[in-house]
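Here the protein sequences come in this chain order: C and P. Take the first sequence: its position 33, counting from 1, is numbered 68 in this note's numbering, and each next residue is one higher. Take the second sequence: its position 28, counting from 1, is numbered 231 in this note's numbering, and each next residue is one higher. Even glycine gets a Cβ: it sits at the ideal position worked out from N, Cα and C. First the structure, in the form of structure tokens, and then the observations on it.
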Amino acid sequence: MGILEVKDVNKRFGGLQALGDVNLSVAENTVHAIIGPNGAGKSTLLNCLVGKLIPDTGSVMFAGQSVLGRKPYEINQMGISRVFQTPEIFGDLSVLENMMIPVLAKRDGAFKLRAIENVQDEGELLAEAEQMLDEVKMLDKRHMHAASMSRGDKRRLEMAMCLIQRPKLLLLDEPTAGMARADTNNTIALLKEIKEKRDITMCIIEHDMHVVFSLADRITVLAQGTPLVEDTPERIKGHPKVKEAYLGEAA
Amino acid sequence: MLGIKGKDLSVFLLVAMLALLAPFLLNPFPVDSAMAQFNAGYPDLMQRFVIFGIFAIGFNILFGLTGYLSFGHAAFLGVGSYAAIWMMKLVSLNIIPGIIMAIIFAALFSVVVGYISLRRSGIYFSILTLAFAQMSYALAYSVLTPITGGETGLQIKPGDDPLLSNLAEGEIGRANLFGLEMGDSAILRAGGWEFTMNVGYYVCALVMLVAFYLAIRIFRSPFGMMLRAVKSNQQRMNYTGLNSRPYTLAAFVISGMYAGLAGGLMVAMDTQVGPERMFWTASGEVVLMTILGGAGTLIGPVLGAGFIKYMENIVSKINSTVLHEWFAFLPDGMEDFLVTIFYPFVGKGWHLTLGLMFMAVVIFLPGGLVEGGQRIASIFRRGKKSGAGDESAKQETPAE
Ligand SMILES: Nc1ncnc2c1ncn2[C@@H]1O[C@H](COP(=O)(O)OP(=O)(O)OP(=O)(O)O)[C@@H](O)[C@H]1O
Ligand SMILES: [Mg+2]
Chain C
36 MGILEVKDVN KRFGGLQALG DVNLSVAENT VHAIIGPNGA GKSTLLNCLV
86 GKLIPDTGSV MFAGQSVLGR KPYEINQMGI SRVFQTPEIF GDLSVLENMM
136 IPVLAKRDGA FKLRAIENVQ DEGELLAEAE QMLDEVKMLD KRHMHAASMS
186 RGDKRRLEMA MCLIQRPKLL LLDEPTAGMA RADTNNTIAL LKEIKEKRDI
236 TMCIIEHDMH VVFSLADRIT VLAQGTPLVE DTPERIKGHP KVKEAYLGEA
286 A
Chain P
204 MLGIKGKDLS VFLLVAMLAL LAPFLLNPFP VDSAMAQFNA GYPDLMQRFV
254 IFGIFAIGFN ILFGLTGYLS FGHAAFLGVG SYAAIWMMKL VSLNIIPGII
304 MAIIFAALFS VVVGYISLRR SGIYFSILTL AFAQMSYALA YSVLTPITGG
354 ETGLQIKPGD DPLLSNLAEG EIGRANLFGL EMGDSAILRA GGWEFTMNVG
404 YYVCALVMLV AFYLAIRIFR SPFGMMLRAV KSNQQRMNYT GLNSRPYTLA
454 AFVISGMYAG LAGGLMVAMD TQVGPERMFW TASGEVVLMT ILGGAGTLIG
504 PVLGAGFIKY MENIVSKINS TVLHEWFAFL PDGMEDFLVT IFYPFVGKGW
554 HLTLGLMFMA VVIFLPGGLV EGGQRIASIF RRGKKSGAGD ESAKQETPAE
């Protein structure tokens, strides 16, 4: 049994079958890539995992518990963090404050009224946040207004915000889109390092095949809302069906 | 000091100084001079400055931090006022129990209104709060007359005999703080100047300083940071394991309690209340104060409140006779011409001046008067030493 079990999930938007009988099993402490052409339903699938969408039918189990019917914040508290396709950060806050929010959420839970304490007195948490920023090489930007950064930096910040939560399952929706080559390589290196150091499972959606083949243990190819094949990277590379549906098109 | 430091402490000390010295600062002109009508240092007005300051400080915790624009906060002020006057009529002429009750009742009412209104955001939230406030106003006017006194409102009357205050037969009770009457004043005369130090004003000022201090603590707390997160990106918040609803509700209730406190103080200063206190224009006024001063800044709402109350009470008193006096030194034709030009902007026309100023601020200074102050300060700083890179970098973080 994998840590994430998706069974017979269907999702329709009006006449469009965005997901059709999706089955997916992600083993603990592996990196599972989901690839497929634009509009294949990759983001929709993630939306069903984090409570943004509720599938029409099917079940989604995480660590033996169903996520369906739970609110996004409850699902996050179960141990699932997500990096979105378009960066979702706190644009009005500084980079360091962006990091403080997940750290506080980890310590204080979904809601706690700490209205008199000063954030500046949270020495340990601040140190933790700065250390994570250092790991993603953004420490020098900690006082910057988050909205004023480049798209690639926003993405890295969002990833750091997710990583600092120490999630059991990290969902990454095109984490390197909009990044310069050097930053992409840094991101690959960072994710590899995290994977070795921690007990973490990752589900990564990516169009950049270099990233996919550098990180993934298994790959699922999604086309028109249905998984085409699921296999190891080596075998996916040579798979005729995949070449036809996806790689051939991209090349 | 007191758990606040740096810029926050300076801002707090500045407000404290202004509040304590207000009777002097606001009366800069000798009593007999032509400018005496610009003196704002009389107890009534000074009390209003700080009471509306409290109202706006609280409103800013909701609107400035979370971005939720309530159009019904006057309802909490009204509820607080009614609670306070009943305490004074029935229990004690000491203002403390009245003010405590005002806060409690405003809190209870804002829990209900907030719980329902916060199911929506944006314009729908604003409309829901407005609906609640107008409903309260209409009810206070009509069916709730037994509790609210309807159109005439409530006031302390001969025959009101509060349980804990020993009034002589036929004596009309007066609000006090452990015997110190709110209406008492000491008048200081120096040369042509006159300064009124009023007990009620200083009580209000102290309460305002406590309220302001708590607001600073809230702004700098983890809770305050969560509220700014609500404004910035609720989606990210929810996917970071945080439930944004109770955070917003807490902010709503806290700001409702500030409004209740302001309502209670109003009654403590002037022992009467009527439903017009809950009319929608009163809710709109606190929005204007906050935006004019600078929403989301610490000192902005206080400035905004002072500014609007000054306009309302001072600019509105300039009439055509006064204008003629001012321009009397000019040739007659010129004088009449200038008076005709200025007349629409003063006296009853003060709303026009306020409206124009409000538009100018919103268009040119979206950060309110505080932003104006910062810009002026930075011009001066640049003038002094052009290479102050460190300081201008600090400027960037929205500090106040
Ligand atoms: N909320 C929605 N309402 C209606 N249609 C939607 C919604 N979300 C997605 N879709 C549609 O469902 C299909 C799958 O979308 P999805 O975003 O999952 O694709 P994707 O695989 O992530 O593509 P891309 O690589 O472009 O990100 C698309 O045709 C999209 O237009
Ligand atoms: Mg997508």
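Q | Rounded straight-line distance, which links the Cα of glutamate 354 (chain P) to that of leucine 342 (chain P) | A | 11 angstroms
**Q.** Opening and closing residue of the beta strand (DSSP E) in which proline 262 (chain C) lies
**A.** 261-266
Q. Between the region 432-454 of chain P and chain C, which residues of the former have CB atoms less than 7 angstroms from a CB of the latter, in chain order?
A. Ala432, Lys434, Ser435, Asn436, Gln438, Arg439, Asn441, Tyr442, Thr443, Gly444, Leu445, Asn446, Pro449, Tyr450 and Ala453
Q | Cut-off 8 angstroms between Cβ atoms - residues of its own chain near asparagine 379 (chain P), not counting five sequence neighbours on either side | A | Leu296, Asn297, Ile298 and Met385
**Q.** Min CB distance methionine 184 (chain C) to chain P below 8 angstroms
**A.** no
Q: Go through the region 176-218 of chain C residue by residue and report every complete run of the beta strand (DSSP E) that reaches 3 residues or more, in order.
A: 204-208
Q.
Are there any heavy atoms of ligand 1 lying less than 7 angstroms away from the beta-carbon of glutamine 438 (chain P), as far as the coordinates show?
A. no
Q.
Please determine whether the Cβ atom of threonine 65 (chain C) lies at a distance below 7 angstroms from any heavy atom of ligand 1.
A. no
Q | Contacts of glutamine 112 (chain C) in chain P (Cβ-Cβ under 8 angstroms) | A | Gly444
Q: Buried or exposed for alanine 162 (chain C), please, with buried defined as at least 16 other CB atoms from any protein chain shown within 10 angstroms of its CB.
A: exposed
Q: Could you pull out every residue in the same chain whose Cβ sits closer than 7 angstroms to the Cβ of aspartate 235 (chain P), ignoring the five residues on either side in sequence?
A: Gly395
Q) With respect to the beta strand (DSSP E) encompassing alanine 62 (chain C), which residues constitute its N-terminal and C-terminal limits? A) First-last for alanine 62 (chain C): undefined, no H or E at that position.
Q.
Tell me the DSSP secondary structure of glutamine 337 (chain P) in three-state form.
A. helix
Q) Applying a beta-carbon distance threshold of less than 7 angstroms, which residues of chain P neighbour glutamate 132 (chain C)? A) Met428
Q. Which same chain residues, not among the five before or five after glutamine 438 (chain P), have their C-beta less than 8 angstroms away from its C-beta?
A. none
Q.
For isoleucine 303 (chain P) and proline 226 (chain P), I'd like the C-alpha separation in whole angstroms.
A. 27 angstroms
Q) In whole angstroms, what separates the C-alpha of methionine 123 (chain C) from that of isoleucine 115 (chain C)? A) A small correction: the amino acid at residue 123 (chain C) is glutamate; methionine does not occupy that position in the sequence shown. C-alpha separation (whole angstroms): 16 angstroms.
Q. Going by beta carbon distance, what residues of the same chain come within less than 6 angstroms of proline 268 (chain C), once the five residues before and after it are set aside?
A. Phe248, Ala251 and Ile254
**Q.** Range covered by the beta strand (DSSP E) that runs through glutamate 397 (chain P)
**A.** 396-401
(Q) If you reduce the DSSP assignment to three classes, tell me which class arginine 323 (chain P) lands in. (A) coil
Q | C-alpha distance - phenylalanine 119 (chain C) paired with alanine 53 (chain C), whole-angstrom precision | A | 18 angstroms
Q. Listed in chain order, which residues are found with a beta carbon closer than 7 angstroms to a heavy atom of ligand 2?
A. C:Lys77, C:Ser78, C:Gln120, C:Asp208, C:Glu209 and C:Ile240
Q: Please classify serine 424 (chain P): is it buried, with 16 or more other beta-carbons within 10 angstroms of its beta-carbon, or exposed?
A: buried
Q) Using Cβ-Cβ distances below 7 angstroms, what residues of the region 67-93 of chain C are close to chain P? A) Val85
Q) Got a sec, what are the start and stop residues for the alpha helix (DSSP H) alanine 277 (chain P) sits in? A) 277-293
Q: Please list, in chain order, all residues of the same chain as lysine 512 (chain P) whose beta carbon is under 8 angstroms from its beta carbon, the five residues on each side excluded.
A: Leu248, Arg251, Phe252 and Phe255
(Q) Can you confirm whether serine 324 (chain P), when its beta carbon is compared against all beta carbons of chain C, has any partner nearer than 8 angstroms? (A) no
Q.
What residue range does the alpha helix (DSSP H) around glycine 536 (chain P) cover?
A. 535-545
Q: To the nearest angstrom, report how far apart methionine 440 (chain P) and valine 138 (chain C) are at their CA atoms.
A: 12 angstroms
Q.
Measuring straight from C-alpha to C-alpha, what distance separates cysteine 238 (chain C) and threonine 332 (chain P)?
A. 43 angstroms
Q: Give me the Cα-Cα distance between leucine 131 (chain C) and tyrosine 327 (chain P), rounded to the nearest whole angstrom.
A: 33 angstroms
**Q.** Beta-bridge pairing of threonine 236 (chain C) - partner residues as DSSP gives them
**A.** C:Leu204
Q.
To the nearest angstrom, how far is the alpha carbon of serine 78 (chain C) from that of valine 565 (chain P)?
A. 40 angstroms
Q.
Run through chain P and tell me which residues come within less than 7 angstroms of asparagine 153 (chain C), C-beta to C-beta.
A. Gly206, Arg423 and Ser424
Q: Please confirm whether any heavy atom of ligand 1 lies closer than 7 angstroms to the CB of alanine 53 (chain C).
A: yes
Q: Check whether the Cβ of asparagine 45 (chain C) lies closer than 7 angstroms to any heavy atom of ligand 1, and answer yes or no.
A: no
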